[in-house]
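If you count by the numbering used here, then the sequence shown holds residues 210 to 447, one letter each, in order. Glycine included, each C-beta is placed from N, C-alpha and C at the ideal position. Keep in mind that this is a model prediction, so the values were computed, not measured. Presented below is the structure to which this report refers.
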Amino acid sequence: MVRLGVNIDHVATLRNARGTPYPDVVEAAAAAEAGGADGITAHLREDRRHMRDDDMRLLRRAVKTRLNMEMAIAPDVMAVALEIVPDEVCLVPERRQELTTEGGLDAAGQSAAVADAVAALSAKGVDVSLFIDPDARQVEAAAAAGAPTVEFHTGAYANASGAAAREELDRLFAAAALAKSLGLRTNAGHGLSYANVAPVLAMPGLDTLNIGHSIVARAVFAGLEAAVREMRAAIARR
Ligand code: PXP
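What follows is the structure in structure tokens.
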């Protein structure tokens, strides 16, 4: 069965919006695991807009499944990764102004930096993946950099519809077939939702889907009624 990594970044986004201690990211990880997550994914961005260094340290201790840390190749973030030693690290590109990770890593264009990061993390026993677009050149560069795993960016598929979505799916499947033939483990994620996830499951060799925003968004409505009921009960006590 395809495994599910749950990205809980946006629990931290909600916390940071008010500077409150809640919602607690460790509690979110435990709830995701109770719901059947095979792993917890958290992105320590260079601007720390959601996860913070201490969140990563706490998650490292609390996560019972596998902790997958998403990160750019930046010295201060790399230092946190080498300190906490997550089970997995997914190397992603980052641009400060972007709302989310908008494209894949240019593994082919930055091969030396990527290979160095892969080597440093692998030496600690971390399973390193490269978040790349479904492009043969990038798959080959990932294999050449020594990464055991790739994660295909599904954003273009998620943003397309009709024939264009089918074309994006074909690109993903062709890239995944190449990754499989090169002995790479294949993950995928970004923009996946309850409505668009099913066709992705046919991706050759697919190991794990990393999904965040749609799950945290769904949690609002899956939990709002109970949350109001709890506040009603708190008010009814006086
Ligand atoms: N995989 C990677 C590498 C990502 O950067 C993200 C977003 O942080 C995701 C998966 C999850 O994307 P989404 O929140 O759109 O489900």
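**OP:** State yes or no: is the C-beta of T309 within less than 8 angstroms of the C-beta of D336?
**Re:** No, they are not a contact pair.
*DSSP state of I341, grouped into three classes?*
Under the three-state reduction of DSSP output, I341 falls in the strand class.
beta-carbon G186 near the ligand PXP non-hydrogen atom, thresh 7 angstroms
There is simply no residue 186 to check, as the chain begins at 210 and stops at 447 in what is shown.
Notebook entry, point to check: Is it a yes or a no for the region 328-344 touching the region 294-303, going by three-plus beta-carbon pairs under 8 angstroms?
Noted result: The region 328-344 vs the region 294-303: in contact.
**Prompt:** So is the beta-carbon of D379 under 7 angstroms away from any non-hydrogen atom of the ligand PXP?
**Reply:** no
### Message
Please report the straight-line C-alpha distance between I249 and R375, rounded to a whole angstrom.
### Response
Straight-line Cα distance between these residues: approximately 29 angstroms.
State yes or no: is the C-beta of T310 nearer than 7 angstroms to some heavy atom of the ligand PXP? Yes; taking the cut-off as 7 angstroms, the Cβ of T310 has a heavy atom of the ligand PXP nearer than that.
So, do the region 272-282 and the region 232-247 have three or more beta carbon pairs nearer to each other than 8 angstroms? Touching, per the Cβ criterion.
- Message: Taking the beta carbon of T395 as the centre, do at least 16 other beta carbons fall within 10 Å, making it buried, or is it exposed?
- Response: buried
- request: Let me know the secondary structure DSSP gives T358 once reduced to three states.
  value: strand
- request: Return the first residue and the last residue of the alpha helix (DSSP H) that I293 is part of.
  value: 284-293
Next on the checklist: Pop quiz: P302 and L314 are said to be a contact at Cβ under 8 angstroms. What is the actual Cβ separation, rounded to whole angstroms?
Outcome noted: 5 angstroms
Since V215 sits in a beta bridge, which residues does DSSP pair it with? I249, I420
Open item on the list: I'd like to know whether the C-beta atoms of V220 and E255 end up nearer to each other than 8 angstroms.
Closed with: Cβ atoms of V220 and E255: not closer than 8 angstroms.
query = Mind checking whether V235 and I420 have CB atoms under 8 angstroms apart?
reply = no
Once the 5 residues before and after I424 are set aside, which same chain residues still bring their CB inside 7 angstroms of it? V215
Is it right to say R224 is buried, meaning 16 or more other beta carbons lie within 10 angstroms of its own, or is it exposed?
buried
- Query: I think D342 touches G312, with their Cβ atoms under 8 angstroms apart; what is that distance to the nearest whole Å?
  - Reply: 6 angstroms
Exercise. Using only alpha-carbon positions, find the residue among A241, D233, R257 that is nearest to L267.
Key: If we check each option's Cα against that of L267, D233 comes out closest.
Does DSSP put E242 in a helix, a strand or coil? helix
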